[in-house]
Amino acid sequence: MKGLNLLSLCAVYGASTWAHEQCNPGPLGEECADEAKVSLLQLGRQAAARGRDAGHSHSNATEGATDALNEWAILSITHYRVKEEHTSDWFSRADVYARVKVHPSGKGYASKMIVNKNKGNVDLHLYVPRSATSATIDLYDQDDVFSDYLMGSVNLPLLSNPNGCAQYQVGNTGCDYTLSIHRADGTRDIGTVSASVISGKGMQTRARELNYRGVLVLFEDITRTRDKMASFSIKSVDVEQELSYARAGSVIPESLHGIFWMDQHGVHLPVPSDPGYKHVCNLSAPEILVSYGAGGWNPETLCVEGLRQYGGPPIGGQWTWFTQKGGKSASWASGEEWNAKYDFCFRDKTFQEVDVYVGVSVNKIMGERLGNALGSWTKDTYITVPRWINNVKMNKKPWGWDRETTIAPEAFRSVIKATFMEQFGTTLGNAAESLMAVFSGYLQEDMMRNGIACNYPVFQIIDGYGRRTEHFQAYLDWATNGRADINTGNGSQLVGRQVG
1299 MKGLNLLSLC AVYGASTWAH EQCNPGPLGE ECADEAKVSL LQLGRQAAAR
1349 GRDAGHSHSN ATEGATDALN EWAILSITHY RVKEEHTSDW FSRADVYARV
1399 KVHPSGKGYA SKMIVNKNKG NVDLHLYVPR SATSATIDLY DQDDVFSDYL
1449 MGSVNLPLLS NPNGCAQYQV GNTGCDYTLS IHRADGTRDI GTVSASVISG
1499 KGMQTRAREL NYRGVLVLFE DITRTRDKMA SFSIKSVDVE QELSYARAGS
1549 VIPESLHGIF WMDQHGVHLP VPSDPGYKHV CNLSAPEILV SYGAGGWNPE
1599 TLCVEGLRQY GGPPIGGQWT WFTQKGGKSA SWASGEEWNA KYDFCFRDKT
1649 FQEVDVYVGV SVNKIMGERL GNALGSWTKD TYITVPRWIN NVKMNKKPWG
1699 WDRETTIAPE AFRSVIKATF MEQFGTTLGN AAESLMAVFS GYLQEDMMRN
1749 GIACNYPVFQ IIDGYGRRTE HFQAYLDWAT NGRADINTGN GSQLVGRQVG
């Protein structure tokens, strides 16, 4: 997967809401029990410098993973019930969503919306650090005409608060709460909301159970500008113990279960069962593995959503890189500033073709390039790459996946700039041109002028049961000994994780 794909800046994704039908909720808020079933151009010298500073690697992965289990928790906000007289709707039930602000960091998180229901499950789950003192939970009734109506709030003590969940309990079974929601003046109960906090091995189990249901555990706040990532060193031989991967029984399609090796140099070819398959194009990035156990599943769009190439949750991980000079990765460090989001979307229910959508943070562009201050609830949206400009896709093969990238000729870039400038003005139009130059500048000039098509194989090395496949040894040989100029890890590789 190329880290710096050609950026078109011509479509902005907004947050979608959907109706939410409830049926027999389980202990973690599940709705139905049976559902549980190449070198890269630096992003400008300043960004690269900031990225390198932020991109130090933590050398002891096992120790780091243990620390993360003790230093983080999952906060879950699930079932709510509000009294009808306290909603803002005259002729219908409330359209409810929850907002959570964690203190003292001020990071904010928002749930999906439950349409026309005074009781339901917002199914909001997020990682919080042990340093967090409390979380303010607000329940809103969405309004299409006026401002959304704050029905009520409650404050929940967290791990560093003396009134929070006790140390001996949070790391085992966790703590469950049924909280009374109050109006702003604190005088009247308007309903209840359920919450839980769990850390340690229980948090790891919780994360896996949520992935079985396709629920994304949030590790970035709503603005996607307040979080800190770092690269961690993990042993190449132990990746099934380190990474977050979709497991057997998950609602994520079986073809994406396990851990996958991006063989961008075609070193594991030819495939005996498919000798005609060819590796095309010499462009590559210093990446190794990708997995889907930290993403969410959207059954309406058939997408695994929310993957991060340069970041990830504080436990596990989803995308790995070769270790380069000094135990770091300049390529990872440059992209850490970019903060892209990846959605892997099946074209239909045959699950044979996947389109990979790359979303770039609008808040990053506004906040860093234009110097605009962002409010606590400035929800991030994404500028994404349409397929007719940069078609990033995967085609299912009996032996794995064929990863295909088709980049359109340079002439399209002038169209994008003109469209963006017409819609958003000169400032953002120039920002679009600047970003497109950055994200496509690593390609050779003739390739940008004429377009480019690349294919490489992607092999499953760990299956959904955690078993090593017939491709594992070839991967391990390459990860350990391949490309000495970009691989100095001596049996290790890097993965991005949240550290703050």
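Using my numbering, the letters of the sequence shown correspond one by one to residues 1299 to 1798.
Where is the CB? At the ideal position from N, CA and C, for every residue including glycine.
Fair warning: this is a prediction, and the values are worked out from it, not measured in the lab.
In this structure the stretch 1461-1480 touches the stretch 1488-1501; the number of beta carbon pairs closer than 8 Å is three or more. Scanning the stretch 1597-1632 for uninterrupted beta strand (DSSP E) segments of 3 residues or longer gives 1601-1605, 1617-1620, listed from N- to C-terminal end. Judged by DSSP secondary structure, MET1501 falls within the alpha helix (DSSP H) whose first and last residues are 1498-1510. About 5 Å separates the beta carbons of VAL1793 and THR1618, which is inside the 8 Å limit, making them a contact pair. Residue environment for PHE1444: exposed (fewer than 16 other C-beta atoms within 10 angstroms of its C-beta).
The stretch 1526-1533 makes no contact with the stretch 1771-1786: fewer than 3 CB pairs, one atom from each, lie closer than 8 Å.
Look at ALA1371 here: in three-state DSSP terms it is strand.
At a Cβ-Cβ threshold of 8 Å, PRO1696 and TYR1425 do not count as neighbours.
By a beta-carbon distance limit of 8 Å, GLY1591 contacts TYR1543. Their separation comes to about 4 Å. By the Cβ neighbour-count rule, GLY1512 is buried, with 16 or more other Cβ atoms within 10 Å of its own. Secondary structure at ASN1753: strand, using DSSP grouped into helix, strand and coil.
In the DSSP assignment, VAL1793 falls within the unbroken beta strand (DSSP E) covering 1790-1796. In this structure, DSSP gives THR1778 a helical state, which the three-state scheme calls helix. Going by C-alpha positions, LEU1456 is about 12 Å away from ILE1435. Below 8 Å, too few C-beta pairs join the stretch 1591-1600 and the stretch 1401-1411 to call them touching: fewer than three. Of ASN1453, ARG1795, ALA1777, the smallest CA-CA separation from HIS1566 is found for ALA1777. Counting along the chain, GLU1538 sits inside the alpha helix (DSSP H) bounded by residues 1537-1540. Your pair GLN1616 and LEU1508 does not check out as a contact, with CB atoms roughly 15 Å apart and the cut at 8 Å. Counting only the Cα atoms, GLN1758 lies some 10 Å from VAL1588.
With 16 or more other Cβ atoms from the protein chains shown falling within 10 Å of its own Cβ, ARG1795 counts as buried.
Sorting ASP1439, MET1501, VAL1660, HIS1423 by C-alpha distance to the C-alpha of LYS1417 places ASP1439 at the top. DSSP places TRP1697 outside any beta strand (DSSP E), giving it a letter other than H or E.
Shortest Cα-Cα distance from GLY1472 to any of LEU1448, THR1503, ASP1483 involves THR1503. Exposed is the label assigned to THR1599, since fewer than 16 other Cβ atoms lie within 10 Å of its Cβ.
Between SER1659 and ARG1481, the C-beta spacing is not below 8 Å.
In the structure shown, ASN1661 falls within a helical segment according to DSSP collapsed to helix, strand and coil. The distance from the Cβ of VAL1602 to that of ILE1550 is about 6 Å, consistent with a contact at the 8 Å cut-off. CA-CA distance, SER1627 to THR1621, rounds to 6 Å. Within 10 angstroms of the beta-carbon of THR1376 lie 16 or more other beta-carbons, which makes it buried.
Per the C-alpha coordinates, the member of CYS1752, PHE1649, LYS1639, THR1648 positioned closest to VAL1690 is CYS1752.
When DSSP states are grouped into helix, strand and coil, VAL1656 belongs to the strand group.
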